[in-house]
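See structure below.
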Amino acid sequence: MTSAAVLGAGSWGTAYAKVLADAGTTVRMWGRSGATVDEINVGSNEGYLPGIRLPAAISATQDVDEAVAGADVVVLAVPSQTLRSNLGAWGDVLTRARAVVSLMKGVELGTTKRMSEVIHEVGGVDPARVVVVSGPNLAREIALEQPAASVVACTDLDTAELVARACAAPYFRPYTNPDVVGTELGGAVKNVIALAVGMAEGLGLGDNTKASIITRGLAETTRLGVRLGGDPATFAGLAGVGDLIATCMSPLSRNHMFGANLGKGMTVEEVVAVTSQTAEGVKSCSSIYQLARDHDVDVPITEQVNFVVTEGRTPQEVVASLLGRARKVETA
Ligand SMILES: NC(=O)c1ccc[n+]([C@@H]2O[C@H](COP(=O)([O-])OP(=O)(O)OC[C@H]3O[C@@H](n4cnc5c(N)ncnc54)[C@H](O)[C@@H]3O)[C@@H](O)[C@H]2O)c1
Ligand SMILES: O=P(O)(O)OC[C@H](O)CO
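This is the structure in structure tokens:
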């Protein structure tokens with residue numbers, strides 16, 4: 028039987044722990060909060076997944092060494108911008124696992140590194156053991172066992188297979204993919220596009236507007252991803268358009284709802300104050316914009332979202348800027 032450690036006891040860490048357990052994997056979680064750990068040990072995590080019963084195969088601890096002891100697979104589910112400091116504090120916890128899984132959908136501020144790159148650099152993990160799981164996977168729907176599929180990406184197919192086997196539950200269907208770069212960028216950029224779609228919704232705009240942003244958002248995601256070495260097919264798959272649709276359309280998405288509040292006229296600081304969970308796009312819009320500029324890739328929607336978040340540009344001004352650009356052919 029495979030044994031996994033999940034480091035991070037928020038919405039997705041907990042829902043993915045349930046997926047692993049329902050797939051027959053033994054799971055030990057690490058959490059920062061003693062109250063959350065105690066709750067998980069008696070079968071729930073009400074702060075993040077209210078009303079969801081967790082399987083008995085999941086236990087939790089506040090001791091990271093105890094969490095990873097004997098684990099074949101270590102899963103990382105902390106906010107992206109905290110990964111580097113957490114790995115630094117945890118020491119060599121990743122060195123013994125056969126696979127290290129990133130569930131995170133962000134790009135590091137300052138370095139513009141993807142999470143798999145941070146895991147390699149700080150955790151000392153060979154890229155052939157780093158796996159990215161990403162797809163249309165809203166945590167609450169997965170925890171309710173509503174069927175969904177996801178991508179399990181690794182440059183080494185055997186490692187990808189190990190993780191896919193460990194998380195193949197009756198309601199969760201993993202597909203392996205060798206394209207780590209494309210899978211990670213699809214997951215990170217869709218959060219920024221969901222902020223833009225949310226803003227449109229908050230402004231009272233309708234489905235034509237949202238579909239236009241989603242489609243052109245996919246175009247800029249693909250443009251950036253392919254320039255960085257991703258496979259165009261990944262962006263047409265679950266970790267690309269699949270996750271983009273789920274996140275941009277769902278009221279369960281924290282990024283979508285963050286954008287909707289901005290569109291209704293709240294400031295970034297006001298929305299941060301009422302948001303208790305991680306909306307990765309709010310920080311990653313700057314690093315993704317920087318990454319695109321470093322590689323000379325045009326990402327007009329990401330650029331505008333970044334201006335809203337970092338410079339206080341209003342959603343109304345964003346609409347005018349996007350529509351005021353020079354016309355061009357659709358495929359460019
Ligand atoms: N929630 C989803 O539906 C979902 C689905 C797929 C991927 N993701 C991605 O998974 C990652 C984790 O998201 P989540 O939904 O679990 O977030 P969350 O906000 O629900 O939980 C974050 C967890 O990290 C902990 N945390 C916060 N700051 C920390 C720090 N400095 N050090 C250590 N732990 C810290 C919190 O206590 C909490 O347990 C994100 O990158 C997100 O984009 C989320
Ligand atoms: O709630 P969000 O916006 O972080 O999105 C959650 C997942 O990434 C959807 O796949």
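Throughout, the numbering used here is defined as the position within the sequence shown, counted from one, plus 27. Yeah, the Cβ is synthetic: ideal placement off N, Cα and C, and Gly gets one too. As the structure is a computational prediction, the values presented were derived from the model and not from experiment.
By the criterion of a C-beta distance shorter than 6 Å, T203 is surrounded in its chain by V179, A187, A191, once the five residues flanking it on both sides are discounted. Annotation note: the segment 36-100 contains the following uninterrupted alpha helix (DSSP H) runs of length 4 or greater, listed N- to C-terminal: 38-49, 61-68, 91-95. Ranking G118, A126, D325, P82 by CA distance to the CA of A246 puts D325 first.
In terms of Cα proximity to E357, the closest of I85, T242, D49 is T242. Using a cutoff of 7 Å, the CB of Q343 does not count as near ligand 1, since none of the ligand's heavy atoms is closer than that.
Just measuring C-alpha positions, the residue of A319, L349, G269, G209 sitting nearest V158 is G209. For S277, same chain residues with a beta-carbon under 7 Å away, outside a window of 5 residues either side, are L165, H283 in chain order. Beta-bridge annotation (DSSP): V179 is paired with V160, T203. Of the candidates V46, L114, I85, E211, the residue whose Cα lies closest to the Cα of S311 is E211.
In this structure, G162 is the residue among G115, E144, D99, G162 with its C-alpha nearest to the C-alpha of W39. By the neighbour-count criterion, in which a residue is buried when 16 or more other Cβ atoms sit within 10 angstroms of its Cβ, N235 is exposed. Under DSSP, no beta-bridge partner is assigned to L350. In this structure, Q331 sits away from V309, with a CB-CB distance that is not shorter than 8 Å.
At least 8 Å separates the beta-carbon of G213 from that of A104. The alpha-carbon separation between G252 and D258 amounts to approximately 8 Å. Between ligand 2 and P163, a heavy atom-to-CB distance of less than 7 Å is present.
Taking a C-beta distance under 8 Å as the contact criterion, R281 and T305 qualify as a contact pair.
The beta carbons of V335 and L271 sit about 19 Å from each other, so the pair does not count as a contact at 8 Å. For S314, the uninterrupted alpha helix (DSSP H) run begins and ends at 308-321, by DSSP.
For S239, the enclosing alpha helix (DSSP H) stretches over residues 234-254.
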